[in-house]
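Numbering (our numbering), first residue to last: 56 to 165.
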Ligand code: SF4
């Protein structure tokens, strides 16, 4: 079972407890069909706009064993209120460019 670190939108913390992210991760559904069921070893926010802290936070979770970094669907898809992050593509692309050769990166969870 692979280990995953999930990065979520800090602005969405008041709106969502991450329940569906945890469920799809442990059951290997939706975005986690690519990995199969995973163990969540970290669940952190992007650190707030404009999301630059997502990069060191991804590295921190890699250092703690994450083999997959998943960006929660609040970021790219705007769950649960239909309000995507305006910095989503930049944040995800930078993590892929910097760490994509060492880990798998998922741009959404469900
Ligand atoms: S940078 Fe994007 S993901 Fe992070 S808090 Fe701001 S809107 Fe949310």
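All C-beta atoms in this analysis are idealised placements derived from N, C-alpha and C, irrespective of residue type, glycine included.
Residue i - DSSP class collapsed to helix/strand/coil
i, result
"residue 84", "coil"
Closer than 7 Å: residue i CB and nearest ligand 1 heavy atom
i, result
"residue 103", "yes"
"residue 140", "yes"
"residue 106", "yes"
"residue 76", "no"
"residue 158", "no"
"residue 61", "no"
"residue 136", "no"
"residue 66", "yes"
"residue 177", "Any answer about residue 177 is impossible in this case: the structure gives the chain only from 56 up to 165."
"residue 130", "yes"
Residues of its chain near residue i, where Cβ-Cβ distance is below 8 Å and the 5 sequence neighbours each way are ignored
i, result
"residue 96", "58, 59, 60, 116, 119, 120 and 121"
"residue 73", "61, 63, 98 and 127"
Rounded distance between the beta-carbons of residue j and residue i, thought under 8 Å
i, j, result
"residue 163", "residue 86", "5 Å"
"residue 126", "residue 62", "5 Å"
"residue 129", "residue 67", "4 Å"
Residues near residue i by beta carbon distance below 7 Å, same chain, minus five either side
i, result
"residue 153", "110"
May I have a chain-ordered list of the beta strand (DSSP E) segments no shorter than 3 residues that lie completely inside the stretch 102-159? Runs of the beta strand (DSSP E) inside the stretch 102-159: 123-126.
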